Every structure is written in C-alpha cells, then in structure tokens.
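Here the sequence shown is numbered in this note's numbering, starting from 81 and rising by one per residue.
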Amino acid sequence: MLPALGTLIRNSENKALEILSVVTDSVRCFRIVMPTPRRETMNEGKRRSQDDSERRPYKIPKISSEEKRKKASFNTEQNTSNILSSLSINDNKETKSSETPVCNGNAVLVVKHYNSILSESGSRHKSRIFYMRNFNNWIKSILINTYLTRIRSKYVHPINALDICCGKGGDLFKWKTGYMKKLIFVDLADVSVRECQNRYENILRKCSWNKEHLFAAEFITADCTKEQIRKKFKDPSISLDMVSCQFAFHYCFESLEQAECMMKNASECLKPEGYFIGTIPNAYELVSRWHRCDGNTFGNDIYNVEFLCDKTNPPLFGAKYYFQLEGVVNCPEFLVYLPVFIKLASKFGLELIMFERFDKFYEDKMVDGVNLLRKINVFECYPPWNGRTLGKAEKDYEHAKKYMQTHPNCRDIGTLSQPEWEVVSLYAVFAFQKKKTKWNNEGKPEYV
81 MLPALGTLIR
91 NSENKALEIL
101 SVVTDSVRCF
111 RIVMPTPRRE
121 TMNEGKRRSQ
131 DDSERRPYKI
141 PKISSEEKRK
151 KASFNTEQNT
161 SNILSSLSIN
171 DNKETKSSET
181 PVCNGNAVLV
191 VKHYNSILSE
201 SGSRHKSRIF
211 YMRNFNNWIK
221 SILINTYLTR
231 IRSKYVHPIN
241 ALDICCGKGG
251 DLFKWKTGYM
261 KKLIFVDLAD
271 VSVRECQNRY
281 ENILRKCSWN
291 KEHLFAAEFI
301 TADCTKEQIR
311 KKFKDPSISL
321 DMVSCQFAFH
331 YCFESLEQAE
341 CMMKNASECL
351 KPEGYFIGTI
361 PNAYELVSRW
371 HRCDGNTFGN
381 DIYNVEFLCD
391 KTNPPLFGAK
401 YYFQLEGVVN
411 CPEFLVYLPV
421 FIKLASKFGL
431 ELIMFERFDK
441 FYEDKMVDGV
451 NLLRKINVFE
461 CYPPWNGRTL
471 GKAEKDYEHA
481 KKYMQTHPNC
491 RDIGTLSQPE
501 WEVVSLYAVF
511 AFQKKKTKWN
521 NEGKPEYV
C-alpha cells in the first residue's frame, strides 16, 4: 500500500517558505546601480558612493535564519523508493497516438480557457499582476539562457529545441538570441498555436528587413499528454539539444498514463546530455498552505486555489485543484509530487540536476540577470514617483515601507507587492539532463 501523500507532505511544512509581511534583520537586499537619477541600490546592506548617480534597492521578502534551521531534510531517493515501490509502470505499453488532437475531460477546459484569452494589445501594463508577470518572464529568460549557455559551451553547432505547451509564443524573444537553428512549438490550444505562428512570422519579417538571422520554426497543435508528438515533426529523426515546458507540466499529472506520455515526449528526441527545463507549481508549498487554511480554499485578492481532492490522502495522480489568477489562469491543475516526478523522469533517461523555488533561483541569478531586471521593468517603484500611483493597496507594501523607515537615506526601492509575492513563491524551476543510452539484448533502452 502506498504511503499517503498528504501525510508525507504535511511533514514537510517547515520546508515551505513563510511569506513574510515584515522586514527582519536577516533580510538580504540587492543593490543595482541605475543610470536614472533618484535611484538607490543595495548590496548585502553595504553602501557605496558613486559619482553623479543614485541607487534603488530591490526588496522582496526573505526567509529568516531561524526558519531555515526549521526546514526538514528531504531524502529524495528514500521518499521516491517508499512511494513508488508498489507503483507498477508498464515498460512495454505503447503510447497511444493519433493524427488529430485528442481533446476530452480536463483538456477541454484548458483549451477553452487559453483559446478564450484575448491578445493584450497594450493593456498588459494596466494589470494588477503586471510586475509579477514581468518577474516570471525574468525567471524564464534566465532559466532558458542558463542552459543555452551550457550547451553552447560544449558544442559549436546551432541548437535545436522543443517548446512544449508554447501558448501564444510568449517566449519567442527568449529564444531569439540563443544561436538557434530550429525551434518546434507545440500546444493543445489551436488558437494559441496560430497566434504563436503569427508572432514568429512578424519577427521573421522584421529580421529580414534588418538582415538578421532568425531560427527556423515548426508549429504543431497536439496534446503532449496523450499523443506521441515526434511522429508529427516534419523530420521525426531530429535530435534536440533542449526541451522547455513553462508553467504547464502539471497538467499531465491528471493520470499516470498522461504523465508518462508527456515525459516520453520530452525525452524521446533529446540528445545525451541535453536538457529538459521548466517552471512548475511547487506541490510542497501548495499543500502546506492548504493544510494551514480552514477548508479547501486559500488565496488573496489576485489569486485563489481550491482543492477538489481528499485533504488527508491526496492521490499521487489526479490530485486536482482549481487555480485562478487575475486575467491569466482559471482552469483545473494537478499536484506534481517531486519524488514521483523524478522517478518517472528516470524511466525515460532524465536525471534531475536542479529544482529550486523561484525565490532561491532569484537569489542565485540576480547578479547575472541584473540588466534584464531593469530592462523588462520587473520591480515596482516604492514610493511611486512622477505622479504615478501604486498598483495595489498601501497595506500591500508594508515590507517596503518598513525598509524605508530603517534606511532614511533611501528615496525609493524596487519591490513586488505582498499579494504578488505570495503567488510567485508558489512556483519552482526544474532542470533534467538526458543520460547516455545503450540498448540491451531485449531491445530496450538502458540509461547510463
């Protein structure tokens, strides 16, 4: 009998980051020298002078040293073995494939939702989650660039990649500077795929005018959780250097079969030492907040989560919840328990090399990504200046206000509102690397 997922995850609540509404002495802030006047920056609390410029601190809540000590250790291999010891995965089972997209059950709701989202046409900056979405884009940009850089450091050939669940092509520009040869875009929502292709063609025209190179692209409408997408490629023999799945992998954990199909699609054409990367809701954090609330619903004024499964014993697959995020998401999702994720990936020759919460990934990469932080306007200025107003209520900036009170020489800082940070801290980044493959006497792959 499998151990209860709820029991295992409840024991990990101390691992989850407590969202701080105050600034503690242990808070670490980062300084960036900004070219614009009236800006101040910080670097581990140390102040340095700079001629003819001021600096703006970037302030986001952090976990205290005491909370870090309370985190329970997590032995991935042991938990994976315990949970999946009786979970049978049929290695001989063939993944079903069809010529047309298979769309039923929760997939119908997902398709209808994403197809119904209209293009923003310049209204994006008016959203209450404008800065949070910029932060998420920064995370994705840094993640993609990190592993493209690793690939380029090993090989001189142009890069082939697959963007699973590509949506409307929001990551096109993230790939544009990656020395790409070809990029394959796949999504279940046909309207999204068409818009992605239109965006690509617009960029291609501009590159032609400017005599710039742009990678070749292929666009496929398919359900990656139910169809073998390699058969739909123009060149099924293509070898991929990277596969990316941003904010979408969790949909496949509706069932074991769907999760296996998605993992096979991610791994099948990936070269040895190639990377499968992505962003995903952190099941530990979701379940931790779930168990801290009364009932099955929690959130704030910009997001809401409602669980639709047994709180004491959620299943390994099909642990369903509804996630609502203002103007962006409103559809069913499923918990992805990390040890199960790792075990399934290993079946297809993928080894986990990185899994980090967004806040930890930000801390690790903020120095390298400082220019992009500024370029895409990741943080909101507090207090606002030039006649601007705050995007949220004043109470949502208590952490920034208290920092200002303790740093009287600081005129303004860059920050996220508390509600936005509560959403951001639900997510994690992951990266797997493909192992080398050899074939045994039975004609089955073995990974080394």
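Ideal placement from N, C-alpha and C gives every residue a C-beta, glycine not left out. Since the structure is predicted, the reported quantities are computational estimates derived from the model, not experimental observations.
Residue burial classification, residue i (beta-carbon count within 10 angstroms, cutoff 16)
i: residue 288; result: exposed
i: residue 253; result: exposed
i: residue 236; result: exposed
i: residue 255; result: buried
i: residue 531; result: The first residue shown for the chain is 81 and the last is 528, placing residue 531 beyond what the model contains.
i: residue 516; result: exposed
i: residue 485; result: exposed
i: residue 473; result: exposed
i: residue 388; result: exposed
i: residue 526; result: exposed
i: residue 281; result: exposed
i: residue 519; result: exposed
i: residue 249; result: buried
Candidates the options: closest to residue i by CA position
i: residue 382; options: 504, 493, 399 and 446; result: 504
i: residue 439; options: 305, 207 and 212; result: 212
i: residue 414; options: 402, 406 and 422; result: 402
i: residue 463; options: 450, 488, 442 and 448; result: 488
i: residue 293; options: 309, 324, 259 and 308; result: 259
i: residue 311; options: 264, 284, 278 and 285; result: 264
i: residue 459; options: 501, 251, 281 and 466; result: 501
i: residue 240; options: 366, 523, 499 and 350; result: 350
i: residue 420; options: 376, 430 and 442; result: 430
i: residue 359; options: 520, 528, 518 and 512; result: 512
i: residue 299; options: 285, 269, 286 and 448; result: 269
i: residue 528; options: 445, 353 and 392; result: 353
i: residue 245; options: 309, 284, 314 and 261; result: 309
Coil, strand or helix - residue i by DSSP
i: residue 485; result: helix
i: residue 382; result: coil
i: residue 441; result: helix
i: residue 338; result: helix
i: residue 329; result: helix
i: residue 347; result: helix
i: residue 259; result: coil
i: residue 277; result: helix
i: residue 466; result: coil
i: residue 412; result: strand
i: residue 271; result: helix
i: residue 399; result: coil
i: residue 123; result: For residue 123, the predicted model reports a pLDDT of 32, less than 50, meaning its position is unreliable and no value from the coordinates is stated.
i: residue 495; result: strand
Cβ contact (3+ pairs, closer than 8 Å) linking the region 372 to 389 and the region 338 to 345:
The region 372 to 389 makes no contact with the region 338 to 345; the number of CB pairs closer than 8 Å stays below 3.
ask   = For the 8 Å Cβ check, are there 3 or more pairs between the region 482 to 495 and the region 450 to 460?
value = With a cut-off of 8 Å on Cβ pairs, the region 482 to 495 is in contact with the region 450 to 460, counting three or more such pairs.
* Given 8 Å as the limit, is there contact between the region 320 to 334 and the region 382 to 394, that is, 3 or more CB pairs closer than that? -> Taking 8 Å as the limit for Cβ pairs, the verdict is that the region 382 to 394 does not touch the region 320 to 334.
Review point. At a cut of 8 Å, does the region 428 to 444 reach the region 506 to 521 through at least three beta carbon pairs?
Key: Contact between the region 428 to 444 and the region 506 to 521 is present, because at least three Cβ pairs lie under 8 Å.
### Message
With three or more beta-carbon pairs closer than 8 Å as the criterion, would you say the region 325 to 341 touches the region 303 to 316?
### Response
Touching, per the Cβ criterion.
Point to revise | Sufficient close CB pairs (3 or more, under 8 Å) joining the region 220 to 229 to the region 264 to 273 | key: Note that the region 220 to 229 does not touch the region 264 to 273; fewer than 3 beta-carbon pairs, one per stretch, sit closer than 8 Å.
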